[in-house]
Every structure is written in structure tokens, then in C-alpha cells.
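Going by the working numbering, the residue at position 121 of the sequence shown is 626; the numbering climbs one at a time, nothing skipped.
Comments concern the structure below.
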Amino acid sequence: MKTGLLTHRMKLILFSISIAILFLLFFIILFAKLSNPYKVSIYNYESYLGKEIINKIKKNYSYHVFKNLDEFTRAIKNKKAVAGVSSDYQIAQLILENELKKINFKKVYGIEYEDNNKKEVISALYTDEVNKQFAYFDNWLINEIKKINPENKKNKPYIFYNEKKQAIGFDINNDGQIDNFYEFLIPYFTLDKMIVYNPENSQIAKKKRNNLKENQNFDDIKDGKTWLETIKKLTNKYKKPRIYWTNWFLDNTMIGQFYAHDKKNDQKENDIWKEFNKDNYKDILNDFNEFVINSTGSSIKDINRNKLVTDGQELVSSIIEPNTGKADIAIMYNGDALDAYYGQDNFASLPEKNNISFVRPKDTYMNIDAWIISKDTSDSQANLLLSVLNENLYADTNKKTKELENQYLNNVFNNLKNKQPTKETEFLKNLFDNDDINQAKNLEKIDAGFFKENYEEFQNAWDYDNLPHLMNFHQINYSPSFKNIKNFLKKWYFLDDEKNPDKKALNIFDFVESAANDQAKINFRAYQPLNLELKTKMIEYYYQITNS
């Protein structure tokens, strides 16, 4: 009897303990969830956002970086990402596949517009090259929809026409609204590909690298020549040349097509590049292989001569590192080239600037990287993200150039008066007209002696979060897609302490104006969007012939 009672009591005790443990576990899990709520994922290229801004974004989002754009594209399609940074050609394909949500520009830019002037208001923020590129992808989308829906039936993506029977947009999701390419993305940076080389023009480069042949100069390296001529000339200037290539199949396919056209003049129709397709991609990739051999004297598989690199930061480091066995020549984006130009941030022993030289071939390619949002993201969630992006990245993109100048000089003023408060009146007179902090002086009116004496504080003023897009540029160095931001940077950012602009750095930064001012004609080409089937075939063959 006692044994049975004891067993019953033990069961009750064990049951009570189990319940208590379950409740304890429940409250621990609940506390953990409340303390660390689930964060949706956003994606960005590696080394493509200022650290301070990343830390702010991480407060609300799970922030992921990728080296390969396809990682983010898969995340969007597999519903694992709500937003991130992609490239214009990939964005066009995602729009065609109805994967993206339209942007609420009022939230992200802090501007107002009506439906009838929306495009005009938004386009006015962007540079000419951005608007031109967007028009290209509008046309591409319209042409692709015509292939999908030649009869223009309303149960598929279809085209809107005006009274003159001109295509004015498309409806990608059958909601009856006119869609345009620009509505699905927030431009981030504009990039072009260039050939960068180390001329060993600093003492440390001469001593540590020591790979340039005797009595060599680069006077014969000119913009506007073919890829073959340019790479071949550069390769012949080094004792043991090492050439680094971006390891992305589409970049190198395009170089192969440039080479094929220079060789056979058969890659254009009506002055428009032929598109890659299942019938020609192998030939063009074979042309890339042939081009590498003819320009560098060795196969792309020869890792002692040619190296395929996935990480842009490795391209930057290798082209300037004061050491033997590093890149002498590298194919890279202009933003990475500008980072390499100011090489001291990467290697303290290097000069502050002028660590590389560069050249643009007659045919090259450009793209616009931009933030996008998955179509499955709710309006409230999207608006929250856009508000975060506005605060941390885009709040200054709607400002006029004069407003940017005023805020920048206020930042300089605050730096100066915080260090030397007794000179506040002097600083005010030197930076503003009529001693009014709302009337910034033009650059030309700022005393040269004052500018030189306080040059360090003019430089420190780039790190203010009241101008977030400018602050991010200062850390990343890629060319902005916003007209007023770009014009302001061209005027103020590249000055030495004598107020003289660094023309070489400016030519890296503003590739459009650089090309326009150059006697050589340089043609910038957009990347081609690719469907999954063709892209898969191209990638497989690319890796087959490169062993990368």
C-alpha cells in the first residue's frame, strides 16, 4: 500500500517538475524571441556599403554580403530576401519574371509628386547616363514582352501604346497599370569597366615590385584603342607580367565579343550589338580564350600569367600591394580603380594617391547597381525599409547642389569651431556670405590661404551622417547615380590643399565626361539580361574553358 502511494507521489512530483521545466523553457524561448526578434534578410555586394551604415541597418535587418550576384538572385526567387543590391541587367530579368515590387519614391527620397509627373520628378534626380540606361532596359523589356505575347493579349504581360501606336510602357503583373523600368529600383552606383595598371611610379613600388622592364614608359597607352592592342602593349612592358581578370562569365563574354568584332566585324546589326544566344555563346567564349592568348601570350588557365578573381577587393589590393608576384594589370570597375588610386588606406606605406594608372578601350561596358525589393514584401515592411534607406543612405539625394554645398560647409564650420571656439566669427566670415550659415560661399570665393590652412577639416567634413550618400561615397568611392550629388563631388571632393582638382582621379570618377572630353571615341555598352536556361549554359561552358 505504502509502495503504491509512494509511486503515485513520485509520479505527481515528476509530472510537476516536467511542467515546471516546460514552462521555464517556454519563458526562456519567449524572452529570447522578444530580445532578438526575427530579422528579415537584405543582401549587398561585399565591401559595398560604409561600415557605420551597415551597423545601423543591422539593428533592424539580417545583413548578408555576397561575391556573386546570382546568390542574391536565388535568394529573391526562393523568398529568402526581402531586398538588396542588384545590377540593372539582372533587375530587368527579374522584372520580366514578375519578382519585384515597385518603389515608393516618396519614402526613400523624401519627395512629393503626382501620378502625372512622377517620371519627370524622379528622372530629374538622376544623371543623364542613368536615364539613358533606363530607357535601354525599357526597350529591352518591351521587346521581350512582344516575344512572349505577340498578340498583346491582356492575360499575359502586355504593352501599352499611345495614340501614335508608340509603346509607352508595359503591364508586367496584369494590374492594368503602366509599368516602367525605373519604378522597380533605387539607383546606388554607376560603374564602368576599365584596364588598370601599376606604372611603378613611387619609390616603394620601384623597390618592392621591380617588375617593369628598363626604360619603359606608358606614353603609347591611349584611350579608345582595342582591347587586344591595349592589353598586348601593357603586357610587353613587364618582366614577368601578371594580369588579373574579373571572374564573371558575362564580363568576359563581352570582352570576347569586342575582340570578335574587331577581328571579323560581324557582331553588330545596324550598329547594335548582337545578343548572346544558344547558337553563338560558345563561339564568343572561345573568342575570349583566343583574345587572352593573343594579348597576354598565355592561356587563361596559366595561373602564373593570368588570374581570375571573384573579389573586387582582391583586385584593388593586388594591383597596388608593394610586393612581388602581384597584379601588374587588372580589369576592374572605376570605383575599385579609384580605391586603388588612393592606395594608402589599403597599405600605409604607399603614397596617398596616384598609385595606379588606367585606360579605357574603345568598347567597354557599364551598369547601374541599385536597391530592389521582392514583390512578396508587404507595403508596410517595404515602407519601413525605404525609411531606413532614406535615413541612412538617400536623405541628401533630393537636395540641390547649393543645398549640398551649404550643409557641407556647415560641417566644416562645426569642425573648426569645435576645435577653436574663439575663432568662430573668423570661420563664419571665411565660409559664408553675410556671416549667414544659410549662404555658403562659392568655392572660388573661399580664400586659398584659409582653405590650405584648414584643409584637414575640409576632408574630415565628409564623415557627417547628415549627408549620408556623400559619406558613403567617401568610404566606398563608386560613382553616384544622382545628378546633384555627382556634380557636387566633382567640384569639391577631388581638390588638393591648393584648391586644384585632381584631374586623373576625376577621370576615373566621371567616366562619361572623361570619354566626352577625350579625342578617342569610347562606346559604353549595357550588360545583356539572360534567362536562366541561357545563363546556365554560358556559365557551364565558361567554367569548362577557364577551369575557374
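For glycine and all other residues, C-beta sits at the position ideal for the given N, C-alpha and C.
Where residue i falls, given that 16 or more other Cβ within 10 Å makes a residue buried
i: L755; result: buried
i: A1111; result: Residue coverage of the chain in this structure runs from 506 to 1053, which leaves residue 1111 outside it and unanswerable.
i: Q849; result: exposed
i: P655; result: exposed
i: L739; result: buried
i: E668; result: exposed
i: Q671; result: exposed
i: K812; result: buried
i: E931; result: exposed
i: L1037; result: exposed
i: G589; result: buried
i: D1015; result: buried
i: P662; result: buried
Whole-angstrom distance between residue j and residue i, CA atom to CA atom
i: Y969; j: S986; result: 20 Å
i: Y631; j: K806; result: 41 Å
i: N752; j: N603; result: 29 Å
i: K1042; j: N1052; result: 15 Å
i: I942; j: L933; result: 7 Å
i: F765; j: A580; result: For clarity, residue 765 is Ala in the given sequence; the question names Phe instead. Their backbone Cα atoms lie some 35 Å apart in a straight line.
i: W833; j: Y1047; result: Before going further, note that residue 833 is Asp rather than Trp in the sequence given. Near 24 Å, if we compare the C-alpha coordinates of Y1047 and D833.
i: K1008; j: A640; result: 30 Å
i: S879; j: L696; result: 24 Å
i: A953; j: L1000; result: 12 Å
i: K905; j: Y693; result: 18 Å
i: N859; j: Y846; result: 5 Å
i: L535; j: N657; result: A caution first: L535 carries a pLDDT of 46, below 50, which makes its placement in the model unreliable, though a value can still be read off. C-alpha separation (whole angstroms): 53 Å.
i: D776; j: T758; result: 19 Å
i: K711; j: Y553; result: 31 Å
i: L948; j: G615; result: 28 Å
i: P1006; j: K996; result: 8 Å
i: Q944; j: E734; result: 52 Å
i: D680; j: N971; result: 39 Å
i: R810; j: Y687; result: 42 Å
i: V864; j: Y838; result: 12 Å
i: K611; j: T882; result: 17 Å
N- and C-terminal bounds of the alpha helix (DSSP H) containing residue i
i: P468; result: What is shown of the chain runs 506 to 1053, which leaves residue 468 out entirely.
i: N915; result: 906 to 924
i: L1011; result: 1008 to 1014
i: W645; result: 633 to 653
i: T1051; result: 1037 to 1051
i: I789; result: 786 to 801
i: Y687; result: Counting along the chain, Y687 falls outside any alpha helix (DSSP H), and DSSP gives it neither H nor E.
i: T751; result: Counting along the chain, T751 falls outside any alpha helix (DSSP H), though it belongs to the beta strand (DSSP E) covering 748 to 751.
Contacting residues, own chain, Cβ-Cβ under 8 Å from residue i (five flanking each side not counted)
i: I683; result: F665, I673, G674, F675, D676
i: K922; result: K928, E929, F932
i: N782; result: L1039
i: I951; result: N935, L936, K1004
i: P542; result: No answer about P542 holds up, because its pLDDT of 46 lies below 50 and its placement is not dependable.
Chain-order list of residues whose beta-carbon lies under 6 Å from that of residue i (same chain, five-residue window excluded)
i: K831; result: S823
i: L539; result: Residue placement at L539 is flagged as unreliable, the pLDDT there being 42, under the threshold of 50; the coordinate-derived value follows with that caveat. Excluding sequence neighbours, L539 sits near nothing in its chain.
i: K737; result: S800
i: L975; result: none
i: L605; result: L599, F689, I877, K880
i: D792; result: G761, Y764, A765
i: G555; result: N977, Q980
i: E649; result: L601
i: P746; result: T740, D833
Boundaries (first-last residue) of the beta strand (DSSP E) holding residue i
i: T930; result: Per DSSP, T930 belongs to no beta strand (DSSP E); it is in the alpha helix (DSSP H), 929 to 936.
i: V814; result: 811 to 814
i: F754; result: F754 -> not in any beta strand (DSSP E); alpha helix (DSSP H) instead, spanning 754 to 769.
i: K564; result: Counting along the chain, K564 falls outside any beta strand (DSSP E), and DSSP gives it neither H nor E.
i: F675; result: 672 to 676
i: K698; result: 691 to 702
i: D874; result: 868 to 878
i: V590; result: 588 to 592
i: Y550; result: 546 to 550
i: N965; result: No beta strand (DSSP E) contains N965, which is instead part of the alpha helix (DSSP H) from 960 to 965.
Close Cβ partners of residue i (< 7 Å) along its chain, the five nearest in sequence each way excluded
i: K988; result: L630, Y631, T632
i: V1017; result: E634
i: A966; result: Y913, N916, V917, N920
i: I559; result: Y568
i: K718; result: K742, Y743, K744
i: I1055; result: Missing from the structure shown is residue 1055; the chain here goes from 506 to 1053 and no further.
i: N897; result: I558, K561, I562, P973
Mind the definition here: the segment 613 to 630 touches the segment 853 to 862 only if three or more C-beta pairs lie below 8 Å; say whether that holds. no
Inter-stretch contact (C-beta, 8 Å, three-pair minimum) for the segment 1028 to 1042 and the segment 862 to 878: yes
Counting beta carbon pairs with one atom in the segment 815 to 829 and one in the segment 696 to 711, are three or more of them shorter than 8 Å? yes
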